[in-house]
Amino acid sequence: MPESRRLYYGYIVDPAENRRIDEVMFLVMRAPSSYTGEDVVEIQAHAGPLVLKSILSLLLKQGVSLAEPGEFTRRAFLNGRIDLSQAEAVIDLINARSASGIDLAVQQLEGGLKDKIQTISSELVDILAELEANIDFPADVQTATVPAHMAQRLEDSVAAPMRKLVRDHDDRNWLREGLRVAIAGSPNVGKSSLLNQLLNKDRAIVTEYPGTTRDLVEDGFVISGVPVIITDTAGIREHPDPIEQQGIDKAFANIEAADLILFVLDVSQSLETEHFRFMERFQNKTILLVLNKIDLTERFSLPDKWRNLPVVRISAKYNLGIDGLRSLLASYLVSSDHFIGKDIIPNLRQKQAIEKSLVSIEAAKDALLKNQPIELVAIDLNDAITSIQEITGETVRPDILDRIFGQFCIGK
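Quick note: the sequence shown uses the numbering used here, first residue 80, plus one each step.
As structure tokens, this is what we get:
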């Protein structure tokens with residue numbers, strides 16, 4: 080019998096014709112020391128499509144079945160080798176588009192989120208157990224539960240760390256998905272030229288006629304290990320024609336969804352009402368002012384209320400100041416407020432489970448502070464535990480599992 084974790088050399092032979100198909104290495108990994116936690120056999124063959132198809136055909140004739148998408152990782156989860164958050168990290172690792180994406184996936188694959196969720200879940204279970212002891216065995220409990228203290232305990236050790244996880248998703252999820260940057264400004268200020276310079280290619284059409292860009296032009300590049308998804312938007316101005324207005328509507332929607340706005344101003348032109356309206360509309364967004372066409376003039380003064388914003392002076396036409404803009408983007412990415420560090424960042428499904436659990440926790444706190452029956456508090460805490468354990472897969476529904484593992488390719 081082949082030994083576990085030992086490579087064997089040999090040939091794949093078609094028994095019907097007694098014909099060698101390929102020269103291979105053969106490996107057996109016995110349970111539980113395998114990826115799935117089950118007995119696994121691995122054949123290392125040459126990578127020719129016809130060779131691999133012939134080997135697979137022989138295996139199917141022997142009763143082997145093809146794997147479903149994500150089946151190996153799903154088996155690892157069902158066999159308890161990994162939890163659901165770690166299973167999701169596998170697909171994140173496969174799909175990572177940057178070094179930051181890899182870092183996030185590896186942290187989660189190593190159990191970073193799992194540990195945080197288990198700590199929160201354990202605290203919730205302890206609190207629930209204490210409450211239920213007061214319900215079932217009031218005479219045997221030495222110290223009666225003080226509702227205000229219990230509510231504060233829920234806030235400090237459960238709700239607060241959960242809110243931080245939600246904030247981390249909202250503030251830093253672009254490390255996984257990519258930083259969304261919108262180039263905005265009036266027509267003919269050089270937005271398309273700036274896009275082309277940042278991408279080092281002619282991605283957008285550049286002409287001397289204002290309003291050329293009427294739809295979103297999107298592309299991407301990587302800076303400081305983070306994917307940047309940058310969009311050139313239609314020029315914003317008052318009283319555009321109906322077709323141009325559709326482009327402006329799309330531009331505003333894209334700008335609203337962006338993580339960072341590059342607001343381009345033409346230093347050879349005076350500021351107009353539309354510029355101030357734009358800044359007022361997006362005052363809560365992160366804006367970087369890009370003063371373009373410095374080849375025409377350096378004499379340009381910003382309003383006092385804008386002087387606290389980061390500013391870079393460029394000439395997109397002559398590629399002046401573009402490296403400085405890239406450096407400013409890089410400093411934004413690696414700043415202490417924005418970069419990955421050691422933070423664990425939940426994905427959208429996990430964030431929604433946390434938010435669902437938080438609703439129940441807030442209800443439990445409110446019930447405690449209003450001295451409502453402990454039985455009602457216990458119901459809310461049970462709901463909170465069920466929701467938070469959806470992240471690790473302890474209480475997840477089968478249809479959720481199907482959706483998660485359906486994202487995998489076959490053989491993972």
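Using N, Cα and C, we set each Cβ at its ideal position, and we do this for glycine too. Since this is a predicted model, take the numbers as computed values, not measurements.
Task: Whole-Å CB distance - Ile262 paired with Val343, under 8 Å assumed - done: 6 Å
Open item on the list: Does the structure place the stretch 123-140 close enough to the stretch 153-162 that three or more beta carbon pairs sit under 8 Å?
Closed with: no
Task: Continuous beta strand (DSSP E) stretch holding Val343: start and end - done: 339-345
Task: the stretch 460-474 touching the stretch 199-213, judged by at least three CB pairs closer than 8 Å - done: yes
Open item on the list: Under DSSP, the alpha helix (DSSP H) around Gln231 begins and ends at which residues?
Closed with: 226-233
Task: beta strand (DSSP E) segment containing Ile373, residue limits - done: Premise fails: Ile373 is in no beta strand (DSSP E) and is neither H nor E.
Task: Backbone CA spacing between Phe418 and Ile309 [nearest angstrom] - done: Model confidence at Phe418 stands at a pLDDT of 49, short of 50, so the residue's coordinates are unreliable; what they give is reported in the following sentence. Their backbone Cα atoms lie some 19 Å apart in a straight line.
Task: Through-space distance from Phe361 to Arg476, alpha-carbon basis - done: 40 Å
Open item on the list: Quick check: what's the CA-CA separation for Glu256 versus Leu145?
Closed with: 31 Å
TODO: Pick helix, strand or coil for Ile206, following the three-state DSSP scheme.
DONE: helix
- [ ] Report the three-state DSSP secondary structure of Tyr411 (helix, strand or coil).
- [x] helix
TODO: Go to Gln123, then tell me how far its beta strand (DSSP E) extends in each direction, as first and last residue.
DONE: 119-123
Open item on the list: Using a Cβ distance threshold of 8 Å, determine whether the stretch 482-489 contacts the stretch 237-244, with at least three qualifying pairs required.
Closed with: no
TODO: Please report how far the alpha carbon of Leu86 lies from the alpha carbon of Met104, in whole angstroms.
DONE: 6 Å
- [ ] Return the bridge partner residues of Ile309 from the DSSP annotation.
- [x] Val260, Asp298
- [ ] Provide the residue span of the beta strand (DSSP E) that contains Met241, from first to last.
- [x] Where Met241 is concerned, there is no enclosing beta strand (DSSP E), although the alpha helix (DSSP H) it sits in stretches over 239-251.
Open item on the list: Considering only DSSP beta bridges, list what Asp101 is partnered with.
Closed with: Ile91
- [ ] Name the two residues that bound the continuous beta strand (DSSP E) containing Arg392.
- [x] 390-392
Task: Pick from Glu189, Ile433, Val456 that is closest to Ile199, judged by C-alpha positions - done: Ile433
Task: Validate contact between the stretch 360-375 and the stretch 326-342 using beta carbons, cut 8 Å, 3 pairs - done: yes
Open item on the list: Counting C-beta neighbours from all protein chains within 10 Å, is the total for Ile173 16 or more, i.e. buried, or is it exposed?
Closed with: exposed
Task: C-alpha distance - Asp298 paired with Val390, whole-angstrom precision - done: 23 Å
- [ ] Please name the residue or residues paired with Val107 in a DSSP beta bridge.
- [x] Arg85, Val120
Open item on the list: Within 10 Å of its beta-carbon, does Pro128 have 16 or more other beta-carbons around it, so buried, or fewer, so exposed?
Closed with: exposed
Open item on the list: Just list the residues that DSSP pairs Thr148 with in beta bridges.
Closed with: Here residue 148 is Pro; the residue named in the question, Thr, does not match the sequence. The partner list for Pro148 (beta bridge, DSSP) reads Ile489.
Task: When Asp383, Val346, Pro382 are compared against Asp374, the one with the closest alpha-carbon - done: Val346
- [ ] Please name the residue in Asn267, Gln231, Ile100, Thr376 whose C-alpha comes closest to that of Leu138.
- [x] Ile100
Open item on the list: Among the candidates Lys243, Gly269, Leu407, Glu351, whose CA atom is the shortest distance from the CA of Thr312?
Closed with: Gly269
Task: Of the listed residues Asn450, Pro452, Leu277, Gln468, nearest to Leu437 (C-alpha basis) - done: Gln468
Task: Residue interval of the alpha helix (DSSP H) (run including Gly180) - done: 178-188
Task: Terminal residues of the alpha helix (DSSP H) in which Ser303 lies - done: Taken as a continuous stretch (DSSP letters only), Ser303 belongs to no alpha helix (DSSP H), as it is neither H nor E.
Open item on the list: To test your reading of the DSSP string, which unbroken alpha helix (DSSP H) runs of 4 or more residues are found completely within the stretch 423-485?
Closed with: 427-448, 453-471, 477-484
TODO: Given a cut-off of 8 Å, decide if Arg232 and Pro266 are closer than it, judged by their beta-carbon atoms.
DONE: no
Open item on the list: Considering Cα atoms alone, identify which of Pro306, Val305, Gln324, Glu359 is closest to Gly314.
Closed with: Gln324
Task: Member of Ala184, Ser164, Thr352, Ser179 whose CA lies at the smallest distance from the CA of Asp171 - done: Ala184
Task: Presumed contact (8 Å Cβ cut-off) between Phe300 and Leu273, rounded CB distance - done: That pair is no contact at about 13 Å.
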